[in-house]
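Notes to accompany the following structure.
Protein chains: 2
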Amino acid sequence: MKKSLGARTLLYPTPVMLVGTYDHDRKPNLVTVAWGGICCSQPPCIAVSLRKATYSYACIVERKAFTVGIASENQIKIADYIGLYSGRDVNKFVETGLSVVRSDLVDAPYAEEIPLVLECRLLHTLEIGLHTQFVGEIVDVKANPAVLSQDGLPDMLKLRPIVFDSAHHSGHRGYHGVGPYLGEAFSVGKK
Amino acid sequence: MKKSLGARTLLYPTPVMLVGTYDHDRKPNLVTVAWGGICCSQPPCIAVSLRKATYSYACIVERKAFTVGIASENQIKIADYIGLYSGRDVNKFVETGLSVVRSDLVDAPYAEEIPLVLECRLLHTLEIGLHTQFVGEIVDVKANPAVLSQDGLPDMLKLRPIVFDSAHHSGHRGYHGVGPYLGEAFSVGKK
C-alpha cells in the first residue's frame with residue numbers, strides 16, 4: 229500500500245543543465261536548471277523551465293536562443309555556484325574562470341570547459357505557472373573529445389553527468405553521480 | 229576545442245518514466261518514456277512526450293490524465309519490456325505481473341509494485357514535431373514506504389531510479405544506476 233506524499237515535483241533522475249544566454253548588452257550568463265528534458269526527437273528539441281524573476285528569462289525572450297551545458301561530476305562546485313547567484317550581480321564566467329565561447333549557430337554563449345553543450349534556437353514558449361517553459365530546437369551538439377567513445381558519441385562513464393535530487397522542502401537537495409551500467413535498452417526486456 | 233556531433237537529442241541524465249493510462253475501454257496500459265521532465269514548481273507539473281503513433285497517445289487525449297511511475301534498478305527488465313511492446317497487442321500489466329491500481333484522483337492507473345508514482349491531470353498539449361508534449365499537473369505523489377527516508381520523502385539510494393543513456397543511432401542505448409552522493413545542492417558552490 230502506497231503512502232501519499234502530496235503534490236510535489238518528485239522525479240528521479242533530474243538533470244543539472246547549465247543554460248547559457250546573452251543579455252541585452254551581450255554579457256554572457258549561465259544559470260543552473262533542473263526542470264527540463266528532451267521533448268521531441270524530430271526536430272530534436274529540449275525544454276527548460278525558468279521563473280520570470282530570473283536574469284536569464286529576459287535573455288532567452290530577447291535573443292530567442294540558449295545553450296544547455298552538461299557538467300561532469302568534478303565540476304559540481306561550479307554547477308552549484310551557477311545556481312546560487314544571479315547574473316544581475318555577478319559575471320559568472322569571470323567568477324568561475326570558465327571561458328566564454330560564442331556559438332557560431334545561435335545567439336548564445338557556452339563554456340569551453342563544460343564537456344557537452346547543446347545549442348538551441350527558441351521554438352516555443354509555454355506559460356505554465358511560476359515557471360515558463362522554453363522549448364529549443366537543438367541545432368548542434370558540441371563535445372569535448374575526452375568524453376566521447378570510439379563511435380563519436382558521449383560515453384556516460386567518461387562524461388559523468390551530475391544527477392540532481394529534487395526532494396526539496398527537505399534537507400535532501402543534493403547531487404549524485406551516475407552508477408554502473410545495468411543493461412542494454414530495447415533488449416533486456418525482450419520476451 | 230569542441231567537436232560537433234550534429235543535431236541530436238543528447239541529454240544526460242534522462243529518466244525512465246512508466247506512463248500509465250486507461251484506453252477507451254478502460255484497459256490499463258503502461259509505456260516507457262525518456263523524453264520529459266519536471267516543468268513547473270507551482271503548480272507542480274511534469275511533461276512527457278509521446279509520438280502520435282503510440283497506443284498511449286489517444287488514451288491521454290481522451291482521459292486527460294496519466295500517471296508517471298519510477299521503477300527501481302532491479303525492475304529494468306520490466307521497464308524495458310514496457311518500452312518494447314505496444315498496448316495494442318498485449319496487456320502489459322498481465323504480461324509483467326504488475327498489479328493495477330486505479331488512481332483515486334485522476335482517470336489513470338498505476339502499478340502497485342513500481343515504488344514511486346506521480347498522478348497527473350492533463351493541463352497543456354503542445355505539438356512539437358514527431359512528438360507531442362503533454363504537461364500534467366501533479367496532483368499527488370504516492371510511494372512505497374520502503375523507498376522513503378525518515379523525513380517521509382524519497383531517498384535516492386533506496387529508490388535507486390534508472391538512468392537512460394539516450395545516445396541513440398549507436399549501440400549505446402542502455403541503462404545505468406545512480407551513483408554515490410557527491411554533495412549538497414545550494415551549498416557546495418557557496419563563495
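Protein chains in written order, with my numbering: chain G, 229 to 419; chain R, 229 to 419. Don't be surprised by glycine CBs; every beta carbon is placed ideally from N, CA and C. This structure is a prediction, so every number in the text was calculated from the model and none was measured.
- At a C-beta separation below 7 Å, R:Ala371 has these neighbours in chain G: Lys230, Lys231, Leu233.
- Cβ proximity to chain G below 9 Å picks out Ile298, Glu301, Ile304, Lys305, Ile306, Ala307, Asp308, Tyr309, Ile310, Gly311, Leu312, Tyr313 from the region 298 to 316 of chain R.
- Think of a sphere of 7 Å around the beta carbon of G:Lys419: the chain R residues whose beta carbon falls inside it are Tyr309, in chain order.
- For R:Glu412, the nearest CB of chain G lies under 8 Å from its own CB, placing it at the interface with that chain.
- Distance between R:Val406 and G:Gly407, taken at the CA atoms: about 4 Å.
- Below 8 Å, too few C-beta pairs join the region 357 to 372 of chain G and the region 374 to 385 of chain R to call them touching: fewer than three.
- Collapsing the DSSP output to three states places R:Met245 in a strand.
- In the three-state DSSP reduction, R:Ser377 falls in the coil class, being neither helix nor strand.
- For R:Tyr403, the three-state secondary structure derived from DSSP is strand.
- Interface flag for G:His252 against chain R is unset, since no Cβ pair is found closer than 8 Å.
- Taking the C-beta atoms as reference points, R:Lys292 is found no nearer than 8 Å to G:Tyr309.
- Straight through space, the alpha carbons of R:Val289 and R:Leu278 are spaced by roughly 11 Å.
- Inter-segment contact for the region 348 to 356 of chain R and the region 308 to 323 of chain R is absent: fewer than three beta-carbon pairs are separated by less than 8 Å.
- Counted as a single uninterrupted DSSP element, the beta strand (DSSP E) harbouring R:Phe294 occupies residues 293 to 298.
- In the displayed model, G:Val416 falls within coil according to three-state DSSP, outside both helix and strand.
- Under a criterion of Cβ atoms nearer than 7 Å, the residues of chain R adjacent to G:Ala395 are, in order, Leu381, Pro382.
- The Cβ of R:Tyr285 sits no closer than 8 Å to any Cβ of chain G.
- Annotation: R:Thr324 to R:Glu301 spans about 16 Å, alpha carbon to alpha carbon.
- Chain-ordered, the chain R residues with CB closer than 8 Å to the CB of G:Val367 read Ala235.
- For R:Leu239 and R:Val328, the gap between their C-alpha atoms comes out near 32 Å.
- For the pair G:Lys320 and R:Val363, the Cα-to-Cα distance works out to about 32 Å.
- Using a Cβ-Cβ cut-off of 9 Å, R:Ser269 is close to Thr237, Trp263, Ser277, Arg279, Gly357, Leu358, His359, His396 of chain G, given in chain order.
- Counting along the chain, the unbroken alpha helix (DSSP H) around R:Gly311 starts and ends at 304 to 312.
- Residue contact with chain R for G:Gly364: absent (no Cβ-Cβ distance below 8 Å to any residue of chain R).
- Between R:Ala275 and R:Gly264, the beta carbon gap of about 5 Å places them in contact (Cβ cut-off 8 Å).
- Cα atoms of R:Leu258 and G:Tyr338: separation of roughly 38 Å, rounded to the nearest angstrom.
- At least one CB atom of chain G sits nearer than 8 Å to the CB of R:Ile266.
- At least one C-beta of chain G is nearer than 8 Å to the C-beta of R:Ile274.
- Using a Cβ-Cβ cut-off of 8 Å, G:Val416 counts as an interface residue toward chain R, since at least one Cβ of chain R sits closer than that to its own.
- Residues Ser277, Leu278, Arg279, Lys280, Tyr285, Thr353, Leu354 of the same chain have their beta carbon placed closer than 8 Å to that of G:Thr360, with the five preceding and five following residues left out of the count.
- Here the alpha carbons of R:Pro256 and G:Thr295 stand approximately 39 Å from one another.
- At the C-beta level, G:Ser331 and G:Glu347 come within 8 Å of one another.
- Interface annotation, R:Gly248: not in contact with chain G, CB-CB separation never under 8 Å.
- Boundaries around G:Thr324 are those of the alpha helix (DSSP H), 320 to 324, since no beta strand (DSSP E) includes it.
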